[in-house]
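Trainee: Dropping a structure here in structure tokens format, bear with me for questions.
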Amino acid sequence: EFRTPLTRIKVALEIPGEAAKKSIQRSISELETMINELLESARLNDAQGKLKLEKVNIIELAEDLITDYVNEKPGIKLIASQNTIISFIDPIRIQSALKNIIENAIKFSSNQSKPVELAFEISKENNLLISVRDFGIGIEAAEQPLIFEPFYRPDRSRIKTTGGYGLGLALSKKIIDAHFGSLSIDSKPGKETTFRIEMPL
Ligand code: ADP
Numbered sequence: 001e002f003r004t005p006l007t008r009i010k011v012a013l014e015i016p017g018e019a020a021k022k023s024i025q026r027s028i029s030e031l032e033t034m035i036n037e038l039l040e041s042a043r044l045n046d047a048q049g050k051l052k053l054e055k056v057n058i059i060e061l062a063e064d065l066i067t068d069y070v071n072e073k074p075g076i077k078l079i080a081s082q083n084t085i086i087s088f089i090d091p092i093r094i095q096s097a098l099k100n101i102i103e104n105a106i107k108f109s110s111n112q113s114k115p116v117e118l119a120f121e122i123s124k125e126n127n128l129l130i131s132v133r134d135f136g137i138g139i140e141a142a143e144q145p146l147i148f149e150p151f152y153r154p155d156r157s158r159i160k161t162t163g164g165y166g167l168g169l170a171l172s173k174k175i176i177d178a179h180f181g182s183l184s185i186d187s188k189p190g191k192e193t194t195f196r197i198e199m200p201l
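Residue numbers (this note's numbering): 1 to 201.
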């Protein structure tokens with residue numbers, strides 16, 4: 001995965017002009033994203049000790065988060081059982097875990113009319129339940145357990161048009177694990193996909 005942008009840089013260096021320079025810039029920012037995600041993932045191997053836990057109203061965090069996506073097709077809808085859910089979390093990490101999942105949901109359902117649904121509730125066991133549901137292309141059953149593996153992307157040609165390196169979900173899972181939670185998926189190919197997070201408040 002690292003070689004592709006490096007090869008592109010090497011090729012572009014042989015060509016004069018602005019287009020080649022742009023290509024080098026794009027490849028460098030791809031490399032930066034991959035390196036940052038891998039570093040963040042490595043840091044989380046030391047999990048709990050490294051989380052910066054705070055008391056946060058996660059509904060407020062979600063309201064802030066979705067402002068980035070309301071104008072992106074197919075849109076996003078917040079569904080919350082109450083206005084305030086105070087949780088003891090690392091807000092920056094949880095935000096980045098949710099972002100990865102939401103951005104996928106938007107990316108893979110962008111041509112649909114139904115918006116992505118981001119829902120929050122508290123379970124009977126007093127756990128925080130978060131779900132991200134989209135009505136897009138879905139994921140085949142055989143591939144569902146694999147998408148949490150770093151660099152795994154089901155259909156390479158499809159992904160070429162949607163960007164990404166297959167690191168996002170691996171990182172999200174690590175973040176949720178570090179909060180003693182679980183991240184699971186439920187998908188009907190061609191119909192809908194739901195990612196579910198369950199973690200202690
Ligand atoms: P990427 O950077 O490729 O998006 P991720 O780890 O975030 O990497 O996701 C891995 C793969 O899982 C994606 O490439 C995509 O094929 C699949 N995927 C993730 N979320 C969804 C979704 N909501 N609908 C369909 N496919 C998805």
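We put the CB at the ideal spot given by N, CA and C, even for glycine.
Measuring CB atoms only, is the stretch 94-111 touching the stretch 166-185, in the sense that at least three cross pairs come out at less than 8 Å?
Mentor: Result yes; three or more Cβ-Cβ pairs closer than 8 Å.
Trainee: Considering only their Cβ atoms, is the gap separating residue 197 from residue 130 smaller than 7 Å?
Mentor: Cβ distance < 7 Å, so residue 130 and residue 197 count as in contact.
Trainee: Closer than 8 Å by C-beta to residue 53: which residues in its own chain qualify, once you throw out the five before and the five after it? Chain order, please.
Mentor: Excluding residues within five positions, the ones whose Cβ falls inside 8 Å are 88, 89 and 90.
Trainee: Starting from residue 192 and walking both ways along the alpha helix (DSSP H), at which residues does that stretch end?
Mentor: Segment 192-200 is the beta strand (DSSP E) holding residue 192; no alpha helix (DSSP H) there.
Trainee: By how many angstroms is the C-alpha of residue 82 removed from the C-alpha of residue 121?
Mentor: Cα-Cα distance, rounded: 8 Å.
Trainee: Rounded to a whole number of angstroms, what is the C-alpha to C-alpha distance between residue 12 and residue 34?
Mentor: Answer to the nearest angstrom: the Cα atoms are 20 Å apart.
Trainee: Heavy atom of the ligand ADP less than 6 Å from the Cβ of residue 168, yes or no?
Mentor: Indeed, a heavy atom of the ligand ADP lies less than 6 Å from the Cβ.
Trainee: Please confirm if the stretch 3-20 is in contact with the stretch 56-68, defined as three or more CB-CB distances below 8 Å between the two stretches.
Mentor: Because the criterion of three Cβ pairs below 8 Å is not met, the stretch 3-20 and the stretch 56-68 do not touch.
Trainee: Hey, residue 85 and residue 117: beta-carbon distance below 7 Å or not?
Mentor: No, these two residues do not count as a Cβ contact at 7 Å.
Trainee: If contacts are defined as beta-carbon pairs under 8 Å, then residue 200 and residue 111 qualify, I think. What distance do you get, rounded to the angstrom?
Mentor: So it is not a contact: roughly 37 Å between Cβ atoms.
Trainee: Could you tell me which of 29, 92 and 165 sits nearest to residue 65, measuring between CA atoms?
Mentor: The candidate whose alpha carbon is nearest that of residue 65 is 92.
Trainee: Identify every run of the beta strand (DSSP E) within the stretch 92-136, keeping only runs that are complete inside it and at least 3 residues long; order them along the chain.
Mentor: Correct list: 116-122 and 127-134.
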